[in-house]
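Here the structure comes first, spelled out in structure tokens, and everything after it is commentary.
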DNA sequence: CTTGACGCATTAACAGTGTTAACTACTTTT
DNA sequence: AAAAGTAGTTAACACTGTTAATGCGTCAAG
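Residue numbers (the numbering used here), protein chains in the order written: chain R, 29 to 234; chain D, 29 to 234.
What follows is the structure, encoded as structure tokens:
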């Protein structure tokens, strides 16, 4: 069945082409400001063809959303080998923040934009986010067990840590911080903020 | 000139009516999903009339944006009377978070959405945000001077604190946390997160 | 009192949006 | 060779933000 296989491959290729075009345009102009017609034009197909491969615009978004989470997951995975849970936690923070700085539009799409969560609403679960959060809670729990982090509710502590890093990332991605912070600090603002947070975590009285 | 005054009042009334209608619709359906025609219909005017009072949709947004900052500012102002800077800092955090919980859509509009910042871009200044941030830096600076908060760069420390509270608020407003956190903790998640953060700030070794 | 100007609001229109229905080719199966 | 299925198209619908042209009513000046 060489022919059927070739056809399946061509179908998959077009699917990928759509996603590539959509990603490029979403990242360049934002979700709301890129139209189905623009995506179609970029790959020289009719706009309605997109609907043969994706239910609607949100479905394209959701596919990219999952893709981005795979990228972040791939960067977080190697840190599993860091033995000390505190060091692992800090490394995760740095990787996470670095990801947000390197791919602000992807980060936006994953943790800030509203579109993808509508799809998620229906199944009451956000698998991609849940996976990342579980890695965090596991690390926090381990650190607490080893008494390297002040004991407390693991979930709430993890939420606070996630919120802290996300908050700085979100203020940056949505351009709220460079408008209020002295220009000379812009360059390393987020790294400095994270370093300060880490030093706080280290210097926490038990 | 009673007539001229009445006319001016009528003009101002209509302006307010537009803003009221726009606010209600923005908060109910979100910015992108409410159209100029919907706003116009709600006050029984032609859609084009809105353009006699506001340059475009973004201008309406920006007006509401400023309005919301006045509301938050009004809640933050009384805290100036709290003598102890640390207590003042904590109270500010609670007021800020409470505001985000009570008016999630307004908070979204102020600190998350992209629309209003485009207008701000042109003048390179974000006055409303700057005012709030300056109150924060002043308090942080005072707390450091009194050695009640670990010494460090005031701006970066303030940014970290803002980021932490904003992060939790943003995850809530954009519905990223209830999908990964155990249901029984939803109710007080943000308050508990803030309380934990405050306890960390209190228990910081000098 | 009439004329002209001005301000406010309207209708009509433009170019664009996401999405669906109907239709055309072309392949595969019967 | 006829029927069924597949992949892509064009045309259309009901919207969107926004602008141009137009009407209507009130005021000031001649």
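Note that beta-carbon positions come from the ideal geometry of N, C-alpha and C, so glycine has one too.
In this structure, residue 113/D keeps its C-beta atom at 8 angstroms or more from the C-beta atom of residue 39/D. The straight-line gap separating the alpha-carbon atoms of residue 81/D and residue 138/D is approximately 22 angstroms.
By DSSP's assignment, residue 232/D forms a beta bridge with 232/R.
Around the beta carbon of residue 210/D, a 10 Å sphere encloses fewer than 16 other beta carbons of the protein chains shown; the residue is thus reported as exposed.
The beta-carbon of residue 88/R is placed no less than 8 angstroms from the nearest beta-carbon of chain D.
By the Cβ neighbour-count rule, residue 207/R is buried, with 16 or more other Cβ atoms within 10 Å of its own. By the Cβ-count criterion, residue 62/D is buried, with 16 or more other Cβ atoms from all chains shown falling within 10 Å of its own Cβ. Boundaries of the alpha helix (DSSP H) around residue 130/R: 113-130. The three-state secondary structure of residue 141/R, taken from DSSP, is coil. As the crow flies, the alpha-carbon of residue 140/R is around 8 angstroms from that of residue 199/D.
With a cutoff of 8 angstroms on beta-carbon distance, residue 196/R and residue 191/D are scored as near each other. Between the alpha carbons of residue 219/R and residue 104/R lies a distance of about 18 angstroms.
What residue 233/R touches in chain D, judged by beta-carbon distance under 8 angstroms, is 231, 232 and 233, going in chain order. Interface criterion met: the Cβ of residue 217/D is under 8 angstroms from a Cβ in chain R. Looking at the backbone, the Cα of residue 123/R and that of residue 193/D are separated by about 21 angstroms.
With contacts defined by Cβ atoms closer than 8 angstroms, residue 228/R and residue 232/D form a contacting pair. DSSP places residue 174/R in no alpha helix (DSSP H); its state is neither H nor E. Under the three-state reduction of DSSP, residue 181/D is assigned to coil, being neither helix nor strand. Residue environment for residue 50/D: buried (at least 16 other C-beta atoms within 10 angstroms of its C-beta). Secondary structure in the segment 54-98 of chain D: no beta strand (DSSP E) run of 3 residues or longer lies completely within the stretch. Inclusion of residue 92/D and residue 54/D in the CB contact set at 8 angstroms is warranted, their separation being smaller than that value. By the beta-carbon neighbour count (other beta carbons within 10 angstroms, threshold 16), residue 156/R is buried. Under the three-state reduction of DSSP, residue 162/R is assigned to helix.
DSSP places residue 154/R outside both helix and strand once states are collapsed to three, so it counts as coil. Contact of residue 63/R with chain D is not assigned, every C-beta pair being separated by 8 angstroms or more.
For residue 185/R, the residues of chain D that pass the 7 angstroms Cβ criterion are 224, in the order they occur in the chain. When 7 angstroms is used as the limit between beta carbons, residue 139/D is near these residues of chain R: 204, in chain order. Around the beta carbon of residue 41/R, fewer than 16 other beta carbons sit within 10 angstroms, so the residue counts as exposed.
If the five residues before and after residue 135/R are omitted, its C-beta is found closer than 7 angstroms to the C-beta atoms of 127, 128, 197 and 201, all from its own chain and listed in chain order. The beta carbon of residue 131/R sits no closer than 8 angstroms to any beta carbon of chain D.
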